[in-house]
Structures are given as C-alpha cells and as structure tokens.
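There are 2 protein chains.
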Amino acid sequence: MARVTIKDIAEQAGVSPATVSRFLNKRYGSMSSETRDRIAQVIERTGYKPNNAARSLRLDRTNTIGVILADIRNPFSSAMLEELSQQAAQRGCSIVTAISSNNSQSEAEALERLVDAGVDGIIVNTCSNDPAPLRAVAATKPVVLLDRDVEGIDLSLVTSNNAALIDELLDQLQQAGCTRYHLLTEYDETSSVRRGRADRFEHEIRRRGLAGCVLALDPDAGHAAAQISTCLEPAEIPSHSAAATSCKPITGFIAINGLVFLRFVEALGLTDTVVPRDALVATFDEYPWNHVLFGGVTTAMQDTAGLATAALEQLFTAIDQLSRRGGFMPAPQHIEVPGTIIPRASSRLR
Amino acid sequence: MARVTIKDIAEQAGVSPATVSRFLNKRYGSMSSETRDRIAQVIERTGYKPNNAARSLRLDRTNTIGVILADIRNPFSSAMLEELSQQAAQRGCSIVTAISSNNSQSEAEALERLVDAGVDGIIVNTCSNDPAPLRAVAATKPVVLLDRDVEGIDLSLVTSNNAALIDELLDQLQQAGCTRYHLLTEYDETSSVRRGRADRFEHEIRRRGLAGCVLALDPDAGHAAAQISTCLEPAEIPSHSAAATSCKPITGFIAINGLVFLRFVEALGLTDTVVPRDALVATFDEYPWNHVLFGGVTTAMQDTAGLATAALEQLFTAIDQLSRRGGFMPAPQHIEVPGTIIPRASSRLR
DNA sequence: TTGTACGCGTTATCAG
DNA sequence: CTGATAACGCGTACAA
Numbered sequence: 390m391a392r393v394t395i396k397d398i399a400e401q402a403g404v405s406p407a408t409v410s411r412f413l414n415k416r417y418g419s420m421s422s423e424t425r426d427r428i429a430q431v432i433e434r435t436g437y438k439p440n441n442a443a444r445s446l447r448l449d450r451t452n453t454i455g456v457i458l459a460d461i462r463n464p465f466s467s468a469m470l471e472e473l474s475q476q477a478a479q480r481g482c483s484i485v486t487a488i489s490s491n492n493s494q495s496e497a498e499a500l501e502r503l504v505d506a507g508v509d510g511i512i513v514n515t516c517s518n519d520p521a522p523l524r525a526v527a528a529t530k531p532v533v534l535l536d537r538d539v540e541g542i543d544l545s546l547v548t549s550n551n552a553a554l555i556d557e558l559l560d561q562l563q564q565a566g567c568t569r570y571h572l573l574t575e576y577d578e579t580s581s582v583r584r585g586r587a588d589r590f591e592h593e594i595r596r597r598g599l600a601g602c603v604l605a606l607d608p609d610a611g612h613a614a615a616q617i618s619t620c621l622e623p624a625e626i627p628s629h630s631a632a633a634t635s636c637k638p639i640t641g642f643i644a645i646n647g648l649v650f651l652r653f654v655e656a657l658g659l660t661d662t663v664v665p666r667d668a669l670v671a672t673f674d675e676y677p678w679n680h681v682l683f684g685g686v687t688t689a690m691q692d693t694a695g696l697a698t699a700a701l702e703q704l705f706t707a708i709d710q711l712s713r714r715g716g717f718m719p720a721p722q723h724i725e726v727p728g729t730i731i732p733r734a735s736s737r738l739r
Numbered sequence: 390m391a392r393v394t395i396k397d398i399a400e401q402a403g404v405s406p407a408t409v410s411r412f413l414n415k416r417y418g419s420m421s422s423e424t425r426d427r428i429a430q431v432i433e434r435t436g437y438k439p440n441n442a443a444r445s446l447r448l449d450r451t452n453t454i455g456v457i458l459a460d461i462r463n464p465f466s467s468a469m470l471e472e473l474s475q476q477a478a479q480r481g482c483s484i485v486t487a488i489s490s491n492n493s494q495s496e497a498e499a500l501e502r503l504v505d506a507g508v509d510g511i512i513v514n515t516c517s518n519d520p521a522p523l524r525a526v527a528a529t530k531p532v533v534l535l536d537r538d539v540e541g542i543d544l545s546l547v548t549s550n551n552a553a554l555i556d557e558l559l560d561q562l563q564q565a566g567c568t569r570y571h572l573l574t575e576y577d578e579t580s581s582v583r584r585g586r587a588d589r590f591e592h593e594i595r596r597r598g599l600a601g602c603v604l605a606l607d608p609d610a611g612h613a614a615a616q617i618s619t620c621l622e623p624a625e626i627p628s629h630s631a632a633a634t635s636c637k638p639i640t641g642f643i644a645i646n647g648l649v650f651l652r653f654v655e656a657l658g659l660t661d662t663v664v665p666r667d668a669l670v671a672t673f674d675e676y677p678w679n680h681v682l683f684g685g686v687t688t689a690m691q692d693t694a695g696l697a698t699a700a701l702e703q704l705f706t707a708i709d710q711l712s713r714r715g716g717f718m719p720a721p722q723h724i725e726v727p728g729t730i731i732p733r734a735s736s737r738l739r
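Spelled out as structure tokens, the structure:
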C-alpha cells in the first residue's frame with residue numbers, strides 16, 4: 390500500500406491537486422461547497438495525511454522547535470519540558486529536545502544538530518558562557534533564552550522575578566525573627582540565575598542592615614556540616630545592638646536552588662541541628678520532597694506554565710515575523726514571570 | 390543570502406550535483422581523489438549544510454525518532470530521556486518528545502502528532518490500556534515499548550528485571566531479620582510494571598513462607614499513617630512459630646516506586662516511627678533524596694543507560710529492516726535489562 | 001471557481 | 001569515474 394498523496398485525493402474527488410491543496414490549507418475562500426464536501430469525504434475515507442517533508446521543503450518551515458535543556462534531572466527543567474511540550478502541541482508544533490547535561494560543548498553540538506534538523510526556532514536553557522555558538526544560530530533562526538542568560542550577546546530572555554523572590558524569602562525569615570542570614574550557593578557560580586540571586590541577596594542584606602553573607606557550600610558533606618555549624622555558633626554581638634545579647638541567635642538559611650538544598654539537608658544530618666528550632670530554612674524550586682522535609686520547606690516556586698507560555702509566545706512571534714516577506718528579526722525582549730512563595734513550617738520558629 | 394544548495398557546490402567545484410551528492414553520502418568508492426578534495430574544499434568554504442527536508446522527501450526517512458513519556462516528573466523518565474537523547478545524538482538522530490502526563494487521551498494524540506511529524510519510529514512509555522492507537526501506528530512504523538507493557542498487542546518491550554529486583558529487596562529485608570513484609574503500592578494499579586512487581590512480591594512471600602501483603606497506600610497522609618501504624622502493631626503470632634513471640638516484630642516496607650515512597654515518608658512523619666529502628670525500608674527508583682532520608686534508603690536502581698541502549702537498538706534495527714527493499718517488520722522482542730540494588734542504612738537494623 | 005505547470009533540494013537510475 | 005534526468009509530495013503563480 391503505497392503512500393496516498395494529494396494527487397490521489399484529487400483524482401478520486403475529480404478535482405485538481407491545487408484544489409485539494411487549497412482545501413488542506415483552509416483556503417476555501419472561494420470554493421464550491423460541493424467540491425469541498427467531496428474532497429473532505431475522500432480525505433476522510435482514505436485517511437490521507439499530508440507529507441510533512443514535502444511541505445517543509447516547499448514552505449521552508451517545519452512546525453518544529455528545538456528545546457535545549459541544561460539539566461533534565463533538575464525538576465524545574467522537567468516541568469518546563471512538560472509545559473513546553475503541552476503548549477507547543479496545542480499550537481500544532483512538535484518539540485525536538487536536546488540535553489546538554491551542563492556541558493557547553495554538547496550544548497554547541499546540540500545547537501548545530503537542531504539547526505540541521507531544520508527546527509524553526511530554538512529555546513535554550515543555556516549552560517555556556519561563550520556567546521559564539523548562540524550568536525551563529527541566532528543570526529539565522531529565532532532563539533529564546535530560558536531562565537539563564539549569557540553575556541556578550543543580546544537575546545530574548547524569559548526568567549522568573551528572582552530578585553523579588555529573594556526579597557520575599559528574606560521577608561519570611563525576618564518575620565520569624567532570624568538574627569543572621571545565609572544564602573547557600575554552589576562552589577562554581579556559573580549560572581546567571583544563581584549569580585543574580587546572590588547579588589540581590591547581598592544587596593538586600595546591606596539595605597536592610599542585617600547580618601549574614603553568601604555561603605558557598607562545600608561539595609563534601611562533612612566539610613559542609615562544619616561550615617553550617619560555624620554559622621550556628623553564638624555570634625559576636627556588635628556593641629550597638631547589645632540588646633540582643635540575651636537572646637539565642639537564630640540563623641536563617643536560603644538554598645539558592647533545589648540541589649544545593651539537598652546537599653544542605655545531607656550535611657545538616659551530620660550535625661545535631663533541628664529545623665525549625667535551631668535554624669530556619671527556605672529554598673528555591675518546588676521539589677516533591679519539600680512537602681516532607683522539616684515538616685514542609687518554605688519554597689520559592691517558579692511559574693513554569695507562565696515561563697513556557699512567555700517563551701513560546703516570544704519564539705513564535707519571532708518565527709512568524711521572520712517568515713513574512715522581507716520580515717526582519719524582531720528586537721530581543723526580556724520577560725520576567727513572577728513566581729510564588731509557599732510558606733511552610735521550616736521558616737516558622739517553634 | 391539565499392540558502393546554498395548542492396547545485397551551488399556543484400557549480401563552484403566544476404562537477405555535477407550527482408557527484409556532490411555521492412560525496413555527501415560518502416559513496417566515494419570510485420571518485421577521483423582530486424574532485425573529492427575540490428568538493429570538500431568548496432563545502433568547507435561555503436559552510437554548506439544539506440537540507441534535511443529535501444532529503445527526507447527523497448528518502449522517506451527523517452533520522453528522527455519519537456519518544457512519548459508518561460510522566461516526566463518521575464526522575465526515572467528524566468533519566469531515560471537524557472540517555473535516549475545522548476545516545477540518539479551519537480547516532481546522528483534527533484528526538485521528538487511528547488509528554489502524555491499519564492493521560493491515555495493525550496498519549497493517543499501524541500502518537501498521531503509524531504507520526505504526522507514523520508518520525509522513523511517511536512519509543513513509548515505507555516500509560517494506556519487500549520492497544521488500538523498503538524496497533525494503528527505499529528502497523529506502519531516500528532514501535533518499542535519502554536518499561537510499561539500493554540495488553541492486547543504484541544510489541545517489542547524493554548524493561549528492568551523487576552521480578553529479580555523484588556527478590557533482592559526481599560533478601561535485604563530478610564537478612565536484616567524482618568518478621569513481616571509489606572509492598573506499598575498506589576491505589577490505582579494501572580501500570581504493568583507495578584502490577585508485575587506486586588505479583589512477584591506476593592509470589593515470593595508465599596514461596597518463602599513469610600508474613601505480609603501488598604498494601605495500597607491511601608492518598609490521604611493521615612489515613613496512610615493509620616495504615617502504617619496498623620502494620621507496626623505486634624502481630625498475632627501463628628501458633629507454629631511460637632518461638633518468635635518473645636521478639637518485637639520488625640516490619641519491612643518496600644515502596645513500589647519513588648512517588649509511593651515519598652507519600653510513605655510523609656505519612657511516616659505523622660507517626661512516631663523511627664527508621665531503621667521500628668521498621669526497615671527499601672524502595673525502587675534512585676531519587677536524589679534517597680541519599681538523605683533515614684541516613685540513606687536502600688534502593689533498587691534501574692539501569693537507565695542500558696534500557697536506553699536496548700530500546701534504541703531495538704528501534705533502529707527495526708527501522709533499518711523496514712527500510713530495506715521489501716523489508717518486513719521484525720518480530721517483537723522482550724528485553725530485560727538488569728538493575729542494581731544499592732544497600733543503605735534504611736534496611737539495616739540498628 | 002478551478003486547473004496547469006513549475007520548483008523547493010536531494011538522491012537514484014541509467015547512460016556515457 | 002561522472003553527468004543528465006527524473007522523481008519524492010506539496011504550494012502557488014498564472015491562466016482559464
């Protein structure tokens with residue numbers, strides 16, 4: 390049973406291929422409703438499906454977008470993929486994925502593969518600090534950065550409102566009466582998101598006149614435990630706030646992302662610290678275990694659906710814009726999608 | 390700057406398009422090394438990239454495979470996607486993903502979308518119990534089932550050795566001296582994997598003459614906590630094993646997958662049970678938190694890389710087989726990829 | 001309102 | 001060893 394083509398439909402319906410093509414593209418602006426019905430019927434009967442390769446060749450458009458994820462093991466990435474997948478499907482568009490595993494080399498390769506595969510545009514959660522590969526692609530096809538930015542090139546970017554989320558997390562801890570604050574980060578501050586959150590944290594600590602600092606958690610759990618213990622020791626109280634000397638100091642920790650949080654929990658297990666008694670805790674990223682640990686962990690949750698919508702919106706308008714006759718690449722835009730704070734037991738002193 | 394085609398290369402190299410095409414397909418079995426060099430040079434200089442749409446149209450092959458995942462939020466799925474993605478890339482093949490979110494309706498839609506998109510074959514982690522959509526697709530394109538089977542149709546299937554893993558998990562608990570065993574499952578036993586594991590568990594419990602049963606954990610944490618407490622009460626000791634009456638009973642729990650395990654942990658938090666003192670625990674699926682909870686949770690880890698390799702191997706041989714002149718669809722095969730037990734503190738009585 | 005004819009970029013066949 | 005040529009299936013001017 391050979392493939393059934395537009396020609397077959399035409400024959401069986403007693404019309405020309407052109408008419409069938411018009412029908413398929415809903416260009417029945419002026420088409421006798423009679424032939425329309427005949428065509429519809431034949432298509433129905435034969436189960437005809439247009440050949441995408443032929444269409445792509447002709448239109449130079451595949452209705453396919455590429456998505457490059459830096460770290461699929463991060464639930465945030467999974468959630469994004471799910472949303473993107475769903476929303477793209479609604480627009481009749483397929484998603485070609487690539488996983489860079491936080492390796493800029495394979496990100497570059499993925500970019501090339503996707504371009505070769507002929508995707509109409511690319512959404513990339515980059516892990517690279519080299520703008521060159523992205524620049525090369527972005528010269529030809531629409532590219533939207535997701536979550537992470539990269540220096541040296543101005544591309545459309547969709548992120549959460551990380552600064553505001555840091556502020557709100559600090560609010561939570563401050564209301565609970567913390568006397569010291571630490572933002573827990575990773576050793577290698579590669580991602581722009583982490584950098585942005587850290588900068589804001591330090592900014593706010595200063596602005597609010599609080600004690601505390603950014604703390605790069607040691608990869609070794611034992612060392613990390615030592616770091617944490619140090620943070621919990623009674624502080625040397627500055628003379629001008631002597632009023633607080635009578636109180637036991639309360640330290641508030643904010644994990645800059647879910648993986649750091651997990652390492653923190655692991656290290657915490659090596660100490661005799663009890664949360665939320667000896668310390669309060671909050672974290673970014675809503676992982677499943679956040680319900681469970683410490684009776685619930687206060688979390689800054691990103692709006693994955695909103696991020697997906699924004700990224701796709703951005704990408705598709707660029708694609709459409711570009712495919713117009715003489716269309717030009719639209720100017721890059723930066724979009725912030727607000728996240729949500731979920732207050733839980735870990736940031737309420739008991 | 391218009392797209393550079395094979396024709397342009399031909400002109401600039403002073404040869405015919407046919408020769409360039411031969412060069413591209415490495416068919417230089419008989420080609421003057423001189424023209425070969427010239428072509429290579431022109432291609433290099435112009436940065437020519439073959440147009441995939443045209444090639445697909447001509448060859449009726451896209452070098453693209455579809456992957457349908459039932460639940461991307463399950464880390465097992467993420468890991469599989471990462472592996473598949475990587476290994477497919479090595480074979481110069483792109484992956485089009487679809488997420489069914491455990492909804493058989495959208496799985497069917499995804500199947501159709503992927504077929505329309507023209508993928509050469511499909512790997513599906515099915516969530517459906519209706520073989521009809523799969524049957525329709527499998528009549529045309531190679532389909533490999535991943536992890537989950539479906540009744541009413543015989544397709545190639547790649548899974549872990551679930552029965553053996555259940556056995557080994559039981560071994561762990563038995564060696565630790567458990568006197569009662571419970572397999573924790575979800576209420577709706579939809580997946581073939583869960584069914585398979587549960588069946589094996591009951592089989593082994595009988596075969597080994599152990600006490601215990603499968604326990605469908607209530608979705609409500611409070612109710613689940615009650616269920617668990619019941620399991621921990623001193624047992625009514627059968628008369629013929631009266632020797633054990635003096636000992637406190639030790640219950641061993643096996644979570645049938647990572648999500649059930651998490652619900653179990655949550656419920657456990659509502660009781661005053663301490664693991665691994667009052668009960669021992671083991672689980673399927675290596676989640677990040679397994680390092681952390683209970684000082685480490687004994688885990689049956691699936692070999693995601695091996696599963697990916699097997700699935701792709703299966704799919705590609707079918708694709709090749711089928712694309713041969715007069716090639717027929719190869720017979721379905723069932724492949725079991727062995728997983729690994731990671732013993733941790735949660736299954737060692739202290 | 002509909003049909004004709006061409007071309008999108010590639011590969012396979014066949015002839016030289 | 002290489003070149004001309006005809007498809008692959010579709011969309012779209014242009015003609016009718």
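Same order as they appear, the protein sequences are chains A and B.
Quick note on the working numbering: the first sequence kicks off at 390 and runs consecutively.
Quick note on the working numbering: the second sequence kicks off at 390 and runs consecutively.
Cβ coordinates follow ideal geometry from the N, Cα and C atoms, glycine included.
(1) In chain B, which residues lie with their C-beta within 8 Å of the C-beta of residue 488/A?
(2) Note down, one range per segment and in chain order, each beta strand (DSSP E) of at least 3 residues found wholly within the stretch 507 to 572 of chain A.
(3) Would you mind telling me which residues of chain A sit closer than 7 Å to residue 654/B, beta carbon to beta carbon, in chain order?
(4) Consult DSSP for residue 659/B and reduce its assignment to one of helix, strand or coil.
(5) Between which two residues does the beta strand (DSSP E) holding residue 482/A run?
(6) Along the stretch 497 to 526 of chain A, where does the CB come closer than 8 Å to a CB of chain B? Name the residues.
(7) Quick one, which residues of the stretch 417 to 442 of chain A are near chain B if we go by CB-CB under 9 Å, in chain order?
(8) To the nearest angstrom, how far is it from the Cα of residue 441/A to the Cα of residue 735/A?
(9) Pull up the CB-CB distance for residue 644/B and residue 562/B, whole angstroms please, since I reckon it's below 8 Å.
(10) Have a look at 727/B, 447/B, 449/B and 443/B and flag the residue whose alpha-carbon is nearest the alpha-carbon of residue 447/A.
(11) Which partner residues does residue 725/B have in the DSSP bridge list?
(12) For the beta strand (DSSP E) that contains residue 687/A, what are its first and last residues?
(13) Roughly how many angstroms separate the alpha carbons of residue 369/B and residue 721/B, rounded to a whole number?
(14) Under 8 Å by Cβ, that's how I've got residue 486/B and residue 474/A pegged, so tell me the actual separation to the nearest angstrom.
(15) Tell me where the alpha helix (DSSP H) around residue 671/A begins and ends.
(16) Considering only the beta carbon of each residue, do residue 555/B and residue 589/B sit closer than 8 Å?
(17) Between the alpha carbons of residue 622/B and residue 637/B, how many angstroms are there, rounded?
(18) Would DSSP call residue 605/B helix, strand or coil?
(19) Between residue 617/A and residue 548/A, which are expected to be in contact by the criterion C-beta below 8 Å, what is the C-beta distance as a whole number of angstroms?
(20) Quick one, are the C-beta atoms of residue 553/A and residue 522/A less than 8 Å apart?
(21) Going by CA-CA distance only, name the one from 476/A, 406/A and 438/A that's closest to residue 505/B.
(22) Tell me, please, whether the stretch 531 to 539 of chain B touches the stretch 699 to 718 of chain B by the rule of three or more beta-carbon pairs shorter than 8 Å.
(23) State the beta-bridge partners of residue 644/A as determined by DSSP.
(24) Where does residue 455/A sit, in a helix, a strand or coil, going by DSSP?
(25) Tell me the DSSP bridge mates of residue 731/B?
(26) Rounded to whole angstroms, what's the CA-CA distance from residue 565/A to residue 679/A? Just pull it up for me.
(27) List the residues that DSSP assigns as beta-bridge partners of residue 488/A.
(28) By a C-beta neighbour count over all protein chains shown, 10 Å radius and 16 as the cutoff for buried, is residue 674/A buried or exposed?
(29) Measure the CB-CB distance between residue 603/A and residue 574/A and report whether it falls below 8 Å.
(30) Buried or exposed for residue 753/B, please, with buried defined as at least 16 other CB atoms from any protein chain shown within 10 angstroms of its CB.
(31) Given a threshold of 16 other Cβ atoms within 10 Å of its Cβ, counted over all protein chains shown, does residue 405/B qualify as buried or as exposed?
(32) Contact criterion: CB-CB distance below 8 Å. Does residue 684/A meet it with respect to chain B?
(33) Where does residue 599/B fall in DSSP's three states?
(34) Along the chain, where does the alpha helix (DSSP H) containing residue 423/A start, and where does it finish?
(35) Measure the alpha-carbon distance for residue 732/B versus residue 685/B and round it to whole angstroms.
(36) With distances taken from CA atoms, which of 499/B, 432/B, 714/B and 619/B is nearest residue 396/B?
Quick look at the numbers:
(1) 470, 471, 474 and 475
(2) 510 to 513, 532 to 535 and 545 to 549
(3) 681
(4) coil
(5) Per DSSP, residue 482/A belongs to no beta strand (DSSP E) and is neither H nor E.
(6) 498, 499, 502, 503, 504, 505, 506 and 507
(7) 438, 439, 440, 441 and 442
(8) 53 Å
(9) Actually they do not touch by this definition, with Cβ atoms about 12 Å apart.
(10) 443/B
(11) 548/B
(12) 687 to 690
(13) For chain B, the structure presents residues 390 to 739; residue 369/B sits outside this window and is missing.
(14) 6 Å
(15) Here residue 671/A belongs to no alpha helix (DSSP H); instead the beta strand (DSSP E) covers 668 to 673.
(16) yes
(17) 10 Å
(18) strand
(19) With 8 Å as the limit, residue 617/A and residue 548/A do not qualify as a contact, their Cβ atoms being about 29 Å apart.
(20) no
(21) 438/A
(22) yes
(23) 573/A and 672/A
(24) strand
(25) 688/B
(26) 19 Å
(27) 458/A
(28) buried
(29) yes
(30) Residue coverage of chain B in this structure runs from 390 to 739, which leaves residue 753/B outside it and unanswerable.
(31) exposed
(32) yes
(33) coil
(34) 422 to 435
(35) 9 Å
(36) 432/B
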